[in-house]
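Please read the structure below before turning to the comments.
Numbering (the working numbering), first residue to last: 739 to 850.
See the structure below:
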């Protein structure tokens with residue numbers, strides 16, 4: 739049994755950190771939009787998964803590569819944080835790929 743599965747307070751702290759990071763990222767995006775005068779795109783109507791022309795990354799690796807290459811994110815979050823965050827997420831994804839089979843990823847994960 740791992741430390742995290744047996745320690746409820748630790749898992750709660752990790753969830754709080756993840757939530758805090760998500761809120762910080764959302765606030766940073768809003769702030770950058772205001773200071774750089776970025777106009778929001780039109781809202782997506784219907785199922786967003788059916789639209790492939792969005793400028794969002796399609797895979798986690800693509801998202802991490804974009805984050806790693808974004809000077810603005812490094813400026814506000816710090817290069818050390820971005821490097822560490824990307825390394826952790828890549829390691830987590832590699833572990834996930836070892837546990838979930840390629841068949842499950844291809845046929846089940848995209849249909850969830």
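Using N, Cα and C, we set each Cβ at its ideal position, and we do this for glycine too.
Within 10 Å of its beta-carbon, does residue i have 16 or more other beta-carbons around it, so buried, or fewer, so exposed?
{"i": "residue 811", "result": "buried"}
{"i": "residue 746", "result": "Residue confidence for residue 746 is low, a pLDDT of 46 falling below 50, so the modelled location carries little weight and cannot support an answer."}
Roughly how many whole angstroms lie between the Cα atoms of residue i and residue j?
{"i": "residue 844", "j": "residue 756", "result": "27 angstroms"}
{"i": "residue 775", "j": "residue 763", "result": "18 angstroms"}
{"i": "residue 766", "j": "residue 785", "result": "26 angstroms"}
{"i": "residue 773", "j": "residue 832", "result": "36 angstroms"}
{"i": "residue 827", "j": "residue 817", "result": "15 angstroms"}
{"i": "residue 830", "j": "residue 799", "result": "11 angstroms"}
{"i": "residue 802", "j": "residue 796", "result": "11 angstroms"}
Can you list, in chain order, the residues of its chain with a C-beta nearer than 7 angstroms to that of residue i? Leave out the 5 residues immediately preceding and following it.
{"i": "residue 853", "result": "What is shown of the chain runs 739 to 850, which leaves residue 853 out entirely."}
{"i": "residue 836", "result": "none"}
Tell me the residue span of the alpha helix (DSSP H) that contains residue i.
{"i": "residue 815", "result": "809 to 815"}
{"i": "residue 843", "result": "840 to 845"}
Excluding five sequence neighbours on each side, which residues of the same chain lie with their C-beta closer than 6 angstroms to the C-beta of residue i?
{"i": "residue 793", "result": "none"}
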